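Undergrad: Below you will find the structure I want to go over with you.
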Amino acid sequence: MIQTRPFFDRLSALADPTRSRLLLLLDRHELTVGELCTALQLPQSTVSRHLKTLADEGWVTARAEGTSRRYAMPGAALDAGARRLWHLVRDQVGATPSARNDLSRAERVLLERRSTSQAFFSSGAGQWDRVRGELYGSRADLAPLAALLDPEWVVADLGAGTGQTTAALAPYVGRVIAVDESTAMLAAARRRLADHDNVEVRSGSLEDLPIEAASVDAAILSLVLHFVVDPAAVIAEAARVLRRHGRLLIVDMLPHERDEYRATMGHLWLGFDEGQLTAWLGDAGLADVRIVPLPPDPHAKGPGLFTARAVRRSDRLTV
Numbered sequence: 023m024i025q026t027r028p029f030f031d032r033l034s035a036l037a038d039p040t041r042s043r044l045l046l047l048l049d050r051h052e053l054t055v056g057e058l059c060t061a062l063q064l065p066q067s068t069v070s071r072h073l074k075t076l077a078d079e080g081w082v083t084a085r086a087e088g089t090s091r092r093y094a095m096p097g098a099a100l101d102a103g104a105r106r107l108w109h110l111v112r113d114q115v116g117a118t119p120s121a122r123n124d125l126s127r128a129e130r131v132l133l134e135r136r137s138t139s140q141a142f143f144s145s146g147a148g149q150w151d152r153v154r155g156e157l158y159g160s161r162a163d164l165a166p167l168a169a170l171l172d173p174e175w176v177v178a179d180l181g182a183g184t185g186q187t188t189a190a191l192a193p194y195v196g197r198v199i200a201v202d203e204s205t206a207m208l209a210a211a212r213r214r215l216a217d218h219d220n221v222e223v224r225s226g227s228l229e230d231l232p233i234e235a236a237s238v239d240a241a242i243l244s245l246v247l248h249f250v251v252d253p254a255a256v257i258a259e260a261a262r263v264l265r266r267h268g269r270l271l272i273v274d275m276l277p278h279e280r281d282e283y284r285a286t287m288g289h290l291w292l293g294f295d296e297g298q299l300t301a302w303l304g305d306a307g308l309a310d311v312r313i314v315p316l317p318p319d320p321h322a323k324g325p326g327l328f329t330a331r332a333v334r335r336s337d338r339l340t341v
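The opening position of the sequence shown corresponds to residue 23 in the working numbering, with each subsequent residue numbered one higher.
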């Protein structure tokens with residue numbers, strides 16, 4: 023927990039209207055300086071100055087990712103007094119027209135992030151299997167699946183892409199629901215999966231899955247999270263569709279510094295560290311978290327991978 027600070031020091035940091043507007047955005051989203059500049063319509067020097075003040079007083083944390091830094095409020099790491107003070111300020115600032123406009127512009131910024139990722143999939147569906155194999159190795163789909171091989175299970179392959187993971191799962195489980203948002207990827211998946219009678223391909227976003235609550239025994243996010251704007255929201259939605267004792271399996275990249283992936287493949291996140299992922303899984307109401315780095319494929323050219331497993335233990339989620 024962030025060390026308790028004198029009340030008036032904390033209050034002083036929030037007294038500036040611009041800093042309060044900035045915190046309102048970082049309370050909801052993790053953003054870069056450039057994205058904050060766009061949302062607040064302020065120059066970089068002004069935003070950076072206010073970020074430093076807020077960071078010095080413990081209101082903001084920063085996380086390096088490649089050549090950029092993402093900023094957010096520390097959330098649960100704030101002490102109880104700071105949280106009460108922020109809730110009071112947030113209620114007042116959030117009701118102002120300026121704050122509403124800031125939030126609207128921030129949503130557009132996030133949509134631009136998302137469109138960058140979607141553009142890659144629209145143009146690259148035909149070569150995605152080759153690219154994926156080159157980056158992560160030809161067995162990236164199969165290595166983490168041993169724990170899912172129950173012949174009675176219904177499994178959701180979320181962000182199914184061309185259906186490679188779905189095709190690997192289908193012979194071993196009762197039913198697979200493959201979900202993707204990209205029209206091109208869905209077309210490729212339907213072609214690949216046409217001969218699998220126990221597979222259903224559905225169009226939908228990972229933030230609003232076309233799957234009923236508590237209806238699947240396992241959900242898979244395989245090499246997907248680094249493409250989404252809000253991984254925490256996607257994990258929470260995956261938890262929603264799990265039955266009690268259902269498992270969520272995540273396969274993704276360990277933290278890396280290959281910033282060029284943003285431009286060449288639409289990556290929005292340069293891997294994930296264990297603490298970050300564990301917090302998101304816990305916030306989604308999942309337990310028994312286990313995160314394990316995968317053995318590297320000697321022929322893979324991309325970053326190392328990990329697999330994470332978490333279990334829904336309760337009928338009611340905490341989100």
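Glycine residues also receive a C-beta, built at the ideal position from the N, C-alpha and C atoms. Note that the structure is predicted; figures quoted are calculated from it, not measured.
Taking just the CA atoms, how far does L132 sit from A168?
TA: Per-residue confidence for A168 stands at a pLDDT of 48, beneath the threshold of 50, marking its modelled position as unreliable; no derived number is given.
Undergrad: Is the stretch 237–250 touching the stretch 206–222, taking contact as three or more C-beta pairs under 8 angstroms?
TA: no
Undergrad: Going by CA-CA distance only, name the one from L215, L270, L299, R50 that's closest to G97.
TA: The option with the nearest alpha carbon to G97 is R50.
Undergrad: Any idea which residues DSSP pairs L327 with across the strands?
TA: M275
Undergrad: What span of residues does the beta strand (DSSP E) with T184 cover, start to end?
TA: Note, T184: premise wrong, no beta strand (DSSP E); not H, not E.
Undergrad: Is it true that the CB of A240 sits closer than 8 angstroms to the CB of G268?
TA: Yes, the pair counts as a contact, with Cβ atoms nearer than the cut-off.
Undergrad: For E57, count neighbouring C-beta atoms within 10 Å of its own C-beta (all shown protein chains included) and say buried if the count is 16 or more, exposed if not.
TA: buried
Undergrad: Since E279 and L228 should fall inside the 8 angstroms C-beta cutoff, what is the C-beta to C-beta distance between them, to a whole number of angstroms?
TA: Their Cβ separation, rounded to whole angstroms, is 26 angstroms, which puts E279 and L228 out of contact at 8 angstroms.
Undergrad: Please list the terminal residues of the continuous beta strand (DSSP E) segment that includes T83.
TA: 83–87
Undergrad: For G103, does the count of other Cβ atoms within 10 angstroms reach 16, so buried, or fall short, so exposed?
TA: exposed
Undergrad: Taking the beta carbon of T187 as the centre, do at least 16 other beta carbons fall within 10 Å, making it buried, or is it exposed?
TA: buried
Undergrad: Using the three-state DSSP reduction, which class does L104 fall into: helix, strand or coil?
TA: Strictly speaking, residue 104 in this sequence is Ala, with Leu absent from that position. Helix at A104.
Undergrad: In this structure, how does DSSP classify R41 when only helix, strand and coil are distinguished?
TA: helix
Undergrad: Put R50 into one of helix, strand or coil per three-state DSSP.
TA: DSSP places R50 in coil when its eight states are reduced to three.
Undergrad: Checking the sheet assignment: what are the DSSP bridge partners for E282?
TA: None, per the DSSP bridge assignment.
Undergrad: How about I313 and L327: do their beta carbons lie closer than 8 angstroms?
TA: no
Undergrad: What residues in its chain sit with their C-beta under 8 angstroms from that of R266, if we drop five residues either side in the sequence?
TA: A236, R334, R335, S336, D337
Undergrad: Within 10 angstroms of its Cβ, does T89 collect 16 or more other Cβ (buried), or is it exposed?
TA: Exposed: under 16 other Cβ atoms inside 10 Å.
Undergrad: Using the rule of at least 16 other Cβ atoms within 10 Å of the residue's Cβ for burial, across every protein chain shown, is G307 buried or exposed?
TA: Answer is buried; the Cβ neighbour count reaches 16.
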